[in-house]
Amino acid sequence: MSTNDAKNRLIPAADIRDAHVPGMSAYNELVAQADANHDAYWSRLAREFLSWRTPFTKGLDESQAPFFKWFEDGTLNVSYNCLDRHVENGLGDKTAIIFEADDGQVTRINYRELLARTCRMANALKARGVKKGDRVVLYMSMSIEGVVVMQACARIGATHSVVFGGFSAQSLRDRIQDAGAVMVVTADEQVRGGKPLPLKAVVDDAIAMGGCESVANVLVYRRSGGAIHWHAARDRWLHEEMQDQPETCEPEWVGAEHPLFVLYTSGSTGKPKGVQHSSGGYLLHAALTTQWTFDLKPNDVFWCTADIGWVTGHTYITYGPLALGATEVVFEGVPTFPDAGRFWKMIQDHKVSIFYTAPTAIRSLIKAAESNESVHPRRYDLSSLRILGSVGEPINPAAWEWYHEHIGGGRCPIVDTFWQTETGGHMITPLPGATPLVPGSCTLPFPGIAAAIVDEMGGDVPNGQGGILVVKKPWPSMIRTIWGDPERFKSSYFPPELKGYYLAGDGAIRDAQTGYFTITGRIDDVLNVSGHRMGTMEIESALVSCTALVAEAAVVGRPDETTGEAICAFVVLKGPRPRGDEAKKIATELRNWVAKEIGPIAKPKDIRFGDNLPKTRSGKIMRRLLRAVAKGEAITQDISTLENPAVLEQLAQSN
Ligand code: 6R9
Numbered sequence: 001m002s003t004n005d006a007k008n009r010l011i012p013a014a015d016i017r018d019a020h021v022p023g024m025s026a027y028n029e030l031v032a033q034a035d036a037n038h039d040a041y042w043s044r045l046a047r048e049f050l051s052w053r054t055p056f057t058k059g060l061d062e063s064q065a066p067f068f069k070w071f072e073d074g075t076l077n078v079s080y081n082c083l084d085r086h087v088e089n090g091l092g093d094k095t096a097i098i099f100e101a102d103d104g105q106v107t108r109i110n111y112r113e114l115l116a117r118t119c120r121m122a123n124a125l126k127a128r129g130v131k132k133g134d135r136v137v138l139y140m141s142m143s144i145e146g147v148v149v150m151q152a153c154a155r156i157g158a159t160h161s162v163v164f165g166g167f168s169a170q171s172l173r174d175r176i177q178d179a180g181a182v183m184v185v186t187a188d189e190q191v192r193g194g195k196p197l198p199l200k201a202v203v204d205d206a207i208a209m210g211g212c213e214s215v216a217n218v219l220v221y222r223r224s225g226g227a228i229h230w231h232a233a234r235d236r237w238l239h240e241e242m243q244d245q246p247e248t249c250e251p252e253w254v255g256a257e258h259p260l261f262v263l264y265t266s267g268s269t270g271k272p273k274g275v276q277h278s279s280g281g282y283l284l285h286a287a288l289t290t291q292w293t294f295d296l297k298p299n300d301v302f303w304c305t306a307d308i309g310w311v312t313g314h315t316y317i318t319y320g321p322l323a324l325g326a327t328e329v330v331f332e333g334v335p336t337f338p339d340a341g342r343f344w345k346m347i348q349d350h351k352v353s354i355f356y357t358a359p360t361a362i363r364s365l366i367k368a369a370e371s372n373e374s375v376h377p378r379r380y381d382l383s384s385l386r387i388l389g390s391v392g393e394p395i396n397p398a399a400w401e402w403y404h405e406h407i408g409g410g411r412c413p414i415v416d417t418f419w420q421t422e423t424g425g426h427m428i429t430p431l432p433g434a435t436p437l438v439p440g441s442c443t444l445p446f447p448g449i450a451a452a453i454v455d456e457m458g459g460d461v462p463n464g465q466g467g468i469l470v471v472k473k474p475w476p477s478m479i480r481t482i483w484g485d486p487e488r489f490k491s492s493y494f495p496p497e498l499k500g501y502y503l504a505g506d507g508a509i510r511d512a513q514t515g516y517f518t519i520t521g522r523i524d525d526v527l528n529v530s531g532h533r534m535g536t537m538e539i540e541s542a543l544v545s546c547t548a549l550v551a552e553a554a555v556v557g558r559p560d561e562t563t564g565e566a567i568c569a570f571v572v573l574k575g576p577r578p579r580g581d582e583a584k585k586i587a588t589e590l591r592n593w594v595a596k597e598i599g600p601i602a603k604p605k606d607i608r609f610g611d612n613l614p615k616t617r618s619g620k621i622m623r624r625l626l627r628a629v630a631k632g633e634a635i636t637q638d639i640s641t642l643e644n645p646a647v648l649e650q651l652a653q654s655n
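Right under this line is the structure:
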């Protein structure tokens, strides 16, 4: 099937018994309820899905827009909702987490044990002086302990900030400092693909850089037993801290708006933004979307392959599935170890019924399966699967078809879920028992989400015509502010010309016939590499901070078959333009520099050297030309304003 045919293919919704949202009429009814009374719709769901200590009396408070509040006078505790209430309802013996380590070792933990461990951890945090409102940074391996520490923070009202284990010491330090964390929780090492990778050592380096004086204690989870340095005044073993702690801990009942977490993400300027989320509204959407989008039932085995360092891991590992009392798989390793059949083997072994992963993983596993029959999914029993999900970037129709046929056996619907760190949970997505699917489209807004496409002035754009993706009404799990920078929050997400709509930062188009949404990509300087958000400015600042070598740098994205987008850097050195082996050597040096500054995920794939960058007469770098050069396109664009046309030729040849 050609890409075009696939795009036009409309696949009827799955016939699912007792689906949570059974059919388009049920979907339309929910949308109508939300349209009729947005506040009443969300308030009803907040009462149904969450256990409140003190019931709220009001849904949405718009009085300080765009600083919206939801359910503000209600109190609750997030970890109570994720753990205690299931144990109280007789689900104590139910498996909460099936953890599979990198080496294949499996550990199960039921709700009763998970609650007990969370309480001991919470007591340990309190014993070290962590209290409500304090920030705790996690720099952890994928582990049951990672989830436990997040839940323990929620239990005592501390705000966690998880930093992905692939970020550098410099990035970690910036986040610790920005959050003003009182504690860092880490592991000695993380083990991925058979190799131990340092975590504690990176924390040491981060703190040694200075500016982290707020950190009183570093808690270390012993994962690998690898050698680490020990700072007696500050470092504590997590197991020692927990061992004598009681297995109960009264939850701290917090207001619904209490900040559950801050998660840093890339924006269009150099400095990452600390996206602040609430407790009540966030947890509502986490639980609701986990149930409706994945049609999650009590007997399902749910597996989200994300890392807890990203928002997908927060919402669809730590919070959503546990809030529903589900059984979920948590995986420490990588999809290609010991071979590229790992995901399929784990689905088979754990009888996974709902599988949620990223297009970049699918694309790399397609390549592997096509070149090596022994890791082809047909070699595994995938019959337990009933729902598949995709997240993080657009899924191209060819990958969609392969996922549908080879993983889903042609019978499992794929929910292509569009959302963002800032939105807390799914925004535009099919509901598996209701929405007919179109490969490559995230279809329709989740009921209650007022997604729309507008022009630069906020005017509606007709279907069939592309524009800017916005959300016209506040929703419970939306970002509350940027940590410590409310002005940036306002200007980034609620620019004055957009009539108070939330600006997602993506372009989109709705199909003229179906009204289905397709995301066309970021409209700002944010790249999406393997589903990871990277700011071009962030990478540029990292490059130019290599002051010994670099005079100037510009970073753009170009399409890449496997990673979606690839990072392409154009660099002017302080010395003469290098060629041949010399150019290769310096490019390697610069890649390592960026890995050290930000993390390996930010390493540019291409580095091209020029004597200069293409600039307008007023000195602005012409990025649209660089994008064309990065793609290897002939320059057909207007270059009349270009100061130095010859440089284009040079950059085009310098790969
Ligand atoms: C959840 C997550 C958000 C950006 C977003 C968009 C892209 C995510 C997508 C998608 C097309 C999908 N994105 N899901 N694009 N289809 N189903 O990924 O959060 O890391 O903040 O990234 O990712 O560009 O704006 P985050």
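Residue numbering for the sequence shown follows full-length UniProt numbering, starting at 1 and increasing by one per position. Every residue, glycine too, gets a C-beta built ideally from N, C-alpha and C.
**Asked** How far does the beta strand (DSSP E) with W237 in it reach, from first residue to last?
**Response** The residue given as residue 237 occupies position 237 in the sequence shown. Counting along the chain, the beta strand (DSSP E) containing W237 begins and ends at 235 to 237.
**Message:** Can you tell me which residues form a DSSP beta bridge with Y139?
**Reply:** Sequence index remark: in the sequence shown, residue 139 carries index 139 (1-based). As DSSP reads the structure, Y139 sits in a beta bridge with T186.
**Asked** Is the Cβ-Cβ distance between L83 and L115 less than 8 Å?
**Response** Residue numbering aside, residue 83 sits at position 83 when the sequence shown is read from its first letter. Residue numbering aside, residue 115 sits at position 115 when the sequence shown is read from its first letter. Pairing L83 with L115 gives a Cβ-Cβ distance under 8 Å.
**Asked** When you compare only the Cα positions, how much space is there between T536 and I621?
**Response** The residue given as residue 536 occupies position 536 in the sequence shown. The residue given as residue 621 occupies position 621 in the sequence shown. Distance between the alpha carbons of T536 and I621: 13 Å.
**Boundaries (first-last residue) of the beta strand (DSSP E) holding L625** = As a working note, residue 625 is residue 625 in the sequence shown. Looking at the DSSP string, L625 is not in any beta strand (DSSP E); the run it does join, the alpha helix (DSSP H), is 623 to 631.
**Message:** Let me check one thing: in DSSP terms, what residues is N110 bridge-paired to?
**Reply:** By 1-based counting over the sequence shown, the position of residue 110 is 110. T95.
**Item:** P198 - partner residues in DSSP beta bridges
**Value:** Position 198 of the sequence shown, counted from the first residue, corresponds to residue 198. Partner(s): E189.
**Prompt:** Nearest CA to the CA of E540: which residue from L549, G531, T547, A553?
**Reply:** Indexing the sequence shown from 1 puts residue 540 at position 540. The shortest C-alpha separation from E540 is found at A553.
**Item:** Straight-line gap, F261 to N612 (C-alpha atoms, nearest Å)
**Value:** Position 261 of the sequence shown, counted from the first residue, corresponds to residue 261. Position 612 of the sequence shown, counted from the first residue, corresponds to residue 612. Computed Cα separation, rounded: 43 Å.
**Prompt:** Should I519 be counted as a contact of the ligand 6R9 given a C-beta to heavy atom distance under 7 Å?
**Reply:** On the sequence shown, position 519 is the one that residue 519 refers to. Under cutoff, so the answer is yes.
**Prompt:** Counting Cβ pairs closer than 8 Å, one from the segment 361 to 380 and one from the segment 411 to 429, do we hit at least three?
**Reply:** Taking a cut-off of 8 Å on C-beta distances, the segment 361 to 380 does not touch the segment 411 to 429, as fewer than three cross pairs fall below it.
**Message:** DSSP three-state label for M121, please.
**Reply:** Taking the first residue of the sequence shown as position 1, residue 121 is located at position 121. Helix.
**Asked** Assuming L50 contacts N81 under a Cβ cut-off of 8 Å, what Cβ separation, rounded to an integer in Å, is found between them?
**Response** Taking the sequence shown and counting its residues from 1, the one referred to as residue 50 is at position 50. Taking the sequence shown and counting its residues from 1, the one referred to as residue 81 is at position 81. Confirmed, Cβ separation roughly 6 Å.
**Message:** Contact between the segment 160 to 174 and the segment 302 to 318 is defined here as three or more beta-carbon pairs at a separation below 8 Å; is this criterion met?
**Reply:** yes
**Asked** By DSSP, does L172 sit in helix, in strand, or in coil?
**Response** Numbered from its first residue, the sequence shown carries residue 172 at position 172. Reduced to three states, the DSSP call for L172 is helix.
**Prompt:** Secondary structure at L385, three-state DSSP: helix, strand or coil?
**Reply:** For the purposes of this step, residue 385 is identified with residue 385 of the sequence shown, where counting begins at 1. In this structure, L385 counts as coil in the three-state DSSP scheme.
**Message:** Taking 7 Å as the cut-off, is the C-beta of A286 nearer than that to any heavy atom in the ligand 6R9?
**Reply:** Start at 1 with the first residue of the sequence shown, and residue 286 comes out as number 286. No, the Cβ of A286 stays beyond 7 Å of every heavy atom of the ligand 6R9.
**Prompt:** Apart from the five residues on each side of it in sequence, which residues of its chain come closer than 6 Å, Cβ to Cβ, to V471?
**Reply:** Looking up residue 471 in the sequence shown gives position 471. Correct list, in chain order: A450, A451, Y502.
**Request:** For Q637, collect the residues of the same chain with a Cβ closer than 6 Å to its Cβ; drop the 5 residues on either side in sequence, then sort them by chain order.
**Result:** The residue given as residue 637 occupies position 637 in the sequence shown. Closer than 6 Å at Cβ, skipping near neighbours: no residue.
**Asked** When the Cα of T562 is compared with those of A368, G211, N123, F99, which residue comes out closest?
**Response** On the sequence shown, residue 562 is found 562 positions in, with the first residue counted as 1. Nearest C-alpha to T562: A368.
**Request:** Could you give the DSSP three-state label for A6: helix, strand or coil?
**Result:** Translated into positions along the sequence shown, residue 6 becomes position 6. The predicted model places A6 with a pLDDT of 46, which falls under 50 and marks its position as unreliable; any figure quoted below should be read in that light. Helix, per DSSP.
**Request:** Report the partner residues of S390 according to the DSSP bridge assignment.
**Result:** By one-based count along the sequence shown, residue 390 stands at place 390. DSSP output for S390 lists T357, D416 as bridge partner(s).
**Message:** Using the three-state DSSP reduction, which class does E649 fall into: helix, strand or coil?
**Reply:** The residue labelled residue 649 in the question sits at position 649 within the sequence shown. Note: E649 maps to helix in three-state DSSP.
**Message:** Here's the rule: buried if 16 or more other CB atoms are within 10 angstroms of the residue's CB, otherwise exposed. What is K631?
**Reply:** Walking along the sequence shown from the start, residue 631 turns up at place 631. Under a 10 Å Cβ-count criterion, K631 is classified as exposed, with fewer than 16 other Cβ atoms of the shown protein chains found around its own Cβ.
**Asked** In its own chain, which residues sit with a C-beta less than 7 Å from the C-beta of L263, not counting the 5 before and 5 after it?
**Response** The residue given as residue 263 occupies position 263 in the sequence shown. Within the same chain, L263 has close Cβ partners S161, V162, V275, V311, H314, T421.
**Item:** Backbone CA spacing between A646 and S268 [nearest angstrom]
**Value:** Position 646 of the sequence shown, counted from the first residue, corresponds to residue 646. Position 268 of the sequence shown, counted from the first residue, corresponds to residue 268. Spanning the two alpha carbons is a distance of roughly 29 Å.
**Asked** Per DSSP, which one or two residues make a beta bridge with E252?
**Response** The residue given as residue 252 occupies position 252 in the sequence shown. For E252, DSSP records no beta bridge to any residue.
**Request:** Would you mind sorting G59 into buried or exposed? The rule is 16 or more other CB atoms within 10 Å of its CB.
**Result:** Translated into the one-based positions of the sequence shown, residue 59 becomes position 59. Buried is the call here.
**Request:** Express the C-alpha separation of G484 and C212 in angstroms, rounding to a whole number.
**Result:** On the sequence shown, position 212 is the one that residue 212 refers to. On the sequence shown, position 484 is the one that residue 484 refers to. If I take the Cα positions, the gap works out to 16 Å.
**Request:** Return the residue from the list S477, G193, V218 that minimises the CA-CA distance to V182.
**Result:** The count along the sequence shown starts at 1 and reaches residue 182 at position 182. Selected option, being the one with the closest Cα: V218.
**Asked** Who sits around the ligand 6R9, taking every residue whose Cβ is closer than 7 Å to one of its heavy atoms?
**Response** T265, W310, V311, T312, S390, V391, G392, E393, P394, I395, D416, T417, F418, W419, Q420, T421, E422, C442, A504, G505, D506, I519, G521, R522, N528, G531, H532, R533
**Asked** To the nearest angstrom, how far is it from the Cα of L625 to the Cα of T95?
**Response** Position 625 of the sequence shown, counted from the first residue, corresponds to residue 625. Position 95 of the sequence shown, counted from the first residue, corresponds to residue 95. The straight-line gap from Cα to Cα measures roughly 54 Å.
**Asked** For N217, which residues does DSSP report across the bridge?
**Response** By one-based count along the sequence shown, residue 217 stands at place 217. The partner list for N217 (beta bridge, DSSP) reads M183.
**Asked** Tell me the DSSP bridge mates of C304?
**Response** To locate residue 304, count along the sequence shown from 1; it is residue 304. DSSP lists Y356 as the beta-bridge partner residues of C304.
**Request:** Under 6 Å Cβ to Cβ from D5, same chain only, skipping five residues before and after it: list those, please.
**Result:** For the purposes of this step, residue 5 is taken as residue 5 along the sequence shown, with counting starting at 1. Because D5 sits at a pLDDT of 47, beneath the cut-off of 50, its placement in the model cannot be relied upon, and the point is left open.
**Request:** Using the Cα positions of D15 and T435, report the straight-line distance between them to the nearest angstrom.
**Result:** In the sequence shown, counting from the first residue as 1, residue 15 sits at position 15. In the sequence shown, counting from the first residue as 1, residue 435 sits at position 435. Going from the Cα of D15 to the Cα of T435 covers about 11 Å.
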